[in-house]
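J.:
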Amino acid sequence: MSQSVRVRFAPSPTGYLHIGGARTALFNWLFARHHGGTFVLRIEDTDTARNTQAAVEVIFQGLRWLGLDWDEGPESADASGPSRGPHGPYFQSQRGEIYRRRLQELRDKGLAYDRDGAVYFRMSREPITIPDHIVGDVVRPLTDREEQDPDWVLWRSDGQPVFHFVNVVDDAEMGITHVIRGDDHLTNTAKHIALFRAFGVSPPAYAHLPLILNEDGSKMSKRDRGAVVTNYEEDGFAPDAVVNYLALLGWSPADGQEVMTPADVIARFDLDRVNRSAARFDIKKLTALHFEHVRRMDPEKFVQQAVISLSKAGIETSGFSPAYVRSALLTVQEKGKLFPELASWTDFYFISDESLVLDPEARAKVLVPSARPILERLSAAYATVPEFSATSLETTLKQLATELGVKAGALVQPCRLACTGRLVGPSLYHLMEILGRDRVVTRLRRCAALISE
RNA sequence: GGCGUGUUCGUCUAUUGGUUAGGACACGGCCCUCUCAAGGCUGAAAGACGGGUUCGAUUCCCGUACGCGCUACCA
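The first sequence: position 136 = 231 (the working numbering), numbered continuously.
#1: Could you tell me whether the region 356-367 touches the region 339-348, using the rule of 3 or more Cβ pairs below 8 angstroms?
#2: If you measure between the beta carbons of tryptophan 250 and proline 256, is that distance less than 7 angstroms?
#3: Buried or exposed: glycine 351, going by 16 or more other Cβ atoms within 10 Å of its Cβ?
#4: Under the DSSP definition of a beta bridge, which residues are partnered with isoleucine 223?
#5: With which residues is serine 178 paired in a DSSP beta bridge?
#6: Out of Val264, Asp265 and Ile223, which one is the CA nearest neighbour of asparagine 283?
#7: Buried or exposed for glutamine 187, going by 16 or more other Cβ atoms inside 10 Å?
#8: Nearest to asparagine 123 by CA position, among Leu341, Met315 and Glu411, is which residue?
#9: Is it the case that the Cβ atoms of isoleucine 529 and serine 450 are separated by a distance below 7 angstroms?
#10: Please determine, among Asn262, Glu310 and Arg210, the residue with the shortest C-alpha to C-alpha distance to aspartate 253.
#11: Using three-state DSSP, classify histidine 273 as helix, strand or coil.
#12: First and last residue of the alpha helix (DSSP H) that includes valine 420?
#13: Where does alanine 374 sit, in a helix, a strand or coil, going by DSSP?
#14: Just tell me which of Lys432, Asp448 and Arg472 has its CA closest to the CA of alanine 333.
#15: Helix, strand or coil for phenylalanine 443? Go by DSSP, reduced to three states.
#16: Could you name the residues of the same chain whose beta carbon sits closer than 7 angstroms to that of valine 230, not counting the 5 residues immediately before and after it, in chain order?
#17: Identify, in the order they occur along the chain, each residue of the same chain with its Cβ nearer than 8 angstroms to the Cβ of aspartate 636, setting aside the five sequence neighbours on each side.
#18: Are the beta-carbon atoms belonging to histidine 182 and methionine 269 less than 7 angstroms from one another?
#19: Which first and last residues belong to the alpha helix (DSSP H) in which phenylalanine 397 is found?
#20: Only counting runs of 4 or more residues, tell me where the alpha helix (DSSP H) segments fall wholly within the region 283-341, in order along the chain.
#21: Looking only at its chain, what residues have a beta carbon closer than 7 angstroms to the beta carbon of asparagine 326, apart from the 5 residues adjacent to it on each side?
#22: Between the alpha carbons of alanine 457 and phenylalanine 376, how many angstroms are there, rounded?
#23: DSSP state of arginine 103, grouped into three classes?
#24: Note down the Cα distance separating lysine 380 from serine 439, rounded to an integer number of angstroms.
#25: Leaving aside the five residues before and after leucine 545 along the sequence, list all residues of the same chain whose C-beta is less than 7 angstroms from its C-beta, in chain order.
#26: Beta-carbon separation of aspartate 448 and threonine 515 under 7 angstroms?
#27: What's the call for lysine 502, buried or exposed, on a 16-neighbour Cβ count within 10 Å?
#28: Sorted by chain position, which residues of the same chain lie with C-beta nearer than 7 angstroms to alanine 213's C-beta, five sequence neighbours on each side aside?
#29: What separation, rounded to the nearest whole angstrom, lies between the Cα atoms of arginine 467 and cysteine 510?
#30: For isoleucine 229, which of helix, strand or coil comes out of DSSP?
#31: Among Asp227, Val263, Met218 and Glu152, which one has its Cα closest to the Cα of glutamate 241?
#32: For a test of the three-state rule: what should DSSP assign to aspartate 350, helix, strand or coil?
#33: Taking the continuous beta strand (DSSP E) assigned at tyrosine 185, which residues delimit it?
#34: Among residues of its own chain, excluding the 5 on either side of arginine 391, which ones have a beta-carbon nearer than 8 angstroms to its beta-carbon?
#35: Rounded to whole angstroms, what is the Cα-Cα separation between isoleucine 288 and phenylalanine 216?
#36: Measuring only the C-alpha atoms, how far is threonine 109 from asparagine 146?
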C-alpha cells in the first residue's frame, strides 16, 4: 500500500489555524510521508461569505511554518488561482460542476430525491459499522429520529450542497485512501460510508483522532491563546519543537524516543500507535521540547533566527562583524531560551558602554562600598593581563580573589553586573573575552565610579 | 434524553493476563558550578468506582460515575 497512500487535510478557512487542525494536518502529513504517499490540501470554502482569501493565507502560513508541505493542492490563496495535482480545483467553491454531476448520478440511481425544495439522500436503513484504525469497529445504529426518517439532505434548498456530500464526493474524486480527522466526525462517518457505497466506491480507511484540550481539560476555542497556531510563531517557539510536541499528543513511538526532528517522527510514525483518548495541552512540556530543539539546532540557523528576533526587539546587530555577532549569540544557544527572551540576555553585547543600564535591584544589592576597590583592582588587572581569553580572565579573577581574601563570587557578581547590567547571563569569562579588553575595562571603571565611598 | 466514545502519577504517555506498573515534563533534595541553565544522582507521585471471568487482572466482560462527540437544509 505504500505507493498508493493518499491522504488529505481539508480545512475550512475561518481566519485562523486551530492547533487541533494543525495536529490533524500533521498526522495526515506524517502518515503520507512515512508511507511515501501523497498529501493533498483541499480548501473547504463553501461558506463564501466568511471564507476570504486572507483566511486561506493564514492556513498556508501556518502549514508552511510547521513545515507541512503538500503534494497536491492550491499554489495560491486565490480560489481561482493555480494549483498542483491532477484532481483540481482544490477549492470547493470551484467544484460546483463536479457536485452537480455527482448529484445527478445519485438521482439516476434512484438514491436521491426532491423534498421541500432540498435534495435528500436515500440513506441505508441498516446499522453501519465504521471500521476505524484508532477506535476499532464502531457500530452506528439509527437514532430514534432516524428510525422515523433516515434520509438526510444532500443539497439545501438555498442551492448549496451540504458538507457530508461535498466531503465524500471530493474524497472519492481525489482517490483518498485514508481519512484521518478529528474525533468529532466519528459518528457521522456512517453517512459518509453510505454515500461512498451509493457511488459504488469503496470507502477509504478511517482514523479518528482524539481531541486536544486546554490545560484545565476544557475545550480549546479561538479565544484561547494556545489554540491559534500563529501565536506559537509569535511566542518564538521553534516549529520543529511544535511538530515534535503535537506528534506526542495522542501518539508515541515504539522506542520511547521523545525528542525528535520531523524526520525522526516520520520514520517512526504510524496509525497503530495512536491513542484513543483526548489529551491536554501542556505548554511547559512544549517549552522543554523547544529548549531541546534549540540546543541541538544548527548554530548558523540559531544565529540567523536570533538576529531576526533581536532586530524585532530593537537591537541592531548589523553594525558588528558577523564573527562577533556569531560568537556573542552562541554563548546563549545552550540556554534554550525562547527567541523573544534572547534580547534581554544578549543586549549588552550590542549597546555602547555609555548606554548600558544597570538593573536597579541588582545594583542596590551588589554595588556596596566594598565592591569599589574590587572593581578597581579587577579593571587594573584586566587592563594589563597579557592574553584576554576566557581562561586567563578566570585565572586572573581567582588569583585576585585569593589576594583580597574573598570568595570568587565577591568579584564575579559586581563584574557581571558591570559588564552586562544584570546578575544572570552567559558564562562571565566567555562573555568578557567576546566583549574585548577595552569595553570590559571601561565598563568596570564606570561601574566602580558609581559607588560612593 | 438516545446513540457512540473515552477514563494509568499534576500533565503527556509505556504496558495488549503474571512488572518492585517504566519514561518524559513539572515539583522536592543532593552533587557540580562564575550567575541562570544544562548535566549527574535521588525523592514524592497513578490503574475512576463496583461487580464478574481467571490460578492470576491496569490489561477481557458487565454496570455505575464523570468527560467528550453525534443526534441540523452547520462544517
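The beta-carbon is built from N, C-alpha and C at its ideal position, and this holds for glycine as well.
T.: Quick answer:
#1: yes
#2: Against a cut-off of 7 angstroms, the Cβ pair of proline 256 and tryptophan 250 comes out as a contact.
#3: exposed
#4: Arg235
#5: Pro169
#6: Ile223
#7: buried
#8: When each option's Cα is compared against that of asparagine 123, the closest is Leu341.
#9: no
#10: Arg210
#11: strand
#12: 417-428
#13: strand
#14: Lys432
#15: Correct three-state label for phenylalanine 443: helix.
#16: So the qualifying residues of the chain are Leu281, His303 and Arg371.
#17: Past the edges of the chain, shown from 96 to 548, lies residue 636, and the structure says nothing about it.
#18: yes
#19: 394-407
#20: 284-294 and 324-329
#21: Arg320
#22: 36 angstroms
#23: strand
#24: 23 angstroms
#25: The beta carbon of leucine 545 sits closer than 7 angstroms to those of Leu462, all from its chain and outside the five residues before and after it, given in chain order.
#26: No, Cβ-Cβ distance for aspartate 448 and threonine 515 is not below 7 angstroms.
#27: So lysine 502 counts as exposed.
#28: The answer, listed in chain order, is Val248, Trp250, Arg251 and Ser252.
#29: About 11 angstroms.
#30: The DSSP-derived three-state label of isoleucine 229 is coil.
#31: Met218
#32: coil
#33: Here tyrosine 185 belongs to no beta strand (DSSP E), and DSSP marks it neither H nor E.
#34: Val354
#35: 13 angstroms
#36: Between the alpha carbons of threonine 109 and asparagine 146 lies a gap of roughly 6 angstroms.
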